[in-house]
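A.B. asks:
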Amino acid sequence: MDPARQDQLKQFFKICYERLNEGEKVHGEKFETLDLFKEIEEELADVSNYAFLQYLKVLQLKAKVESVRQSSNPG
38 MDPARQDQLK QFFKICYERL NEGEKVHGEK FETLDLFKEI EEELADVSNY AFLQYLKVLQ
98 LKAKVESVRQ SSNPG
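The following block contains the structure:
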């Protein structure tokens with residue numbers, strides 16, 4: 038793994054660690070009593086929804102890039 042990718046991975050784990058710590062401060066041990074399967078289903082639905090919304094952004098960006106290409110290459 039190249040150094041830039043290593044730094045990105047470290048940053049990602051830092052964000053994960055900070056969110057776990059913050060969640061523990063706010064919710065305490067509440068997570069241990071939750072329904073694991075329900076939580077997984079909800080998280081997967083959230084991730085899928087985020088992926089779809091990001092996909093829509095990519096389509097919009099692609100359309101804008103194509104529009105710029107067409108306007109800069111008339112004919």
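Just so you know, we're using our numbering here: the sequence shown kicks off at 38 and counts up by one. We put the beta carbon where it would ideally sit given N, CA and C, even for glycine. These figures come from a predicted structure and were not determined experimentally.
#1: Can you give me the start and stop residues for the alpha helix (DSSP H) that L71 sits inside?
#2: Tell me which residue opens and which closes the alpha helix (DSSP H) that P111 is part of.
#3: Using C-beta distances below 8 Å, list every residue in its chain close to Q91, excluding the 5 sequence neighbours before and after it, in chain order.
C.D. replies: According to the structure data:
#1: In the sequence shown, the residue the question calls residue 71 occupies position 34. L71: not part of any alpha helix (DSSP H); DSSP gives it neither H nor E.
#2: Here residue 111 refers to the residue found at position 74 when the sequence shown is read from its first residue. Per DSSP, P111 belongs to no alpha helix (DSSP H) and is neither H nor E.
#3: As a first step, residue 91 is located in the sequence shown; it is residue number 54 there, counting from the start. If you ignore the 5 residues before and after Q91, its C-beta comes within less than 8 Å of no other C-beta in its own chain.
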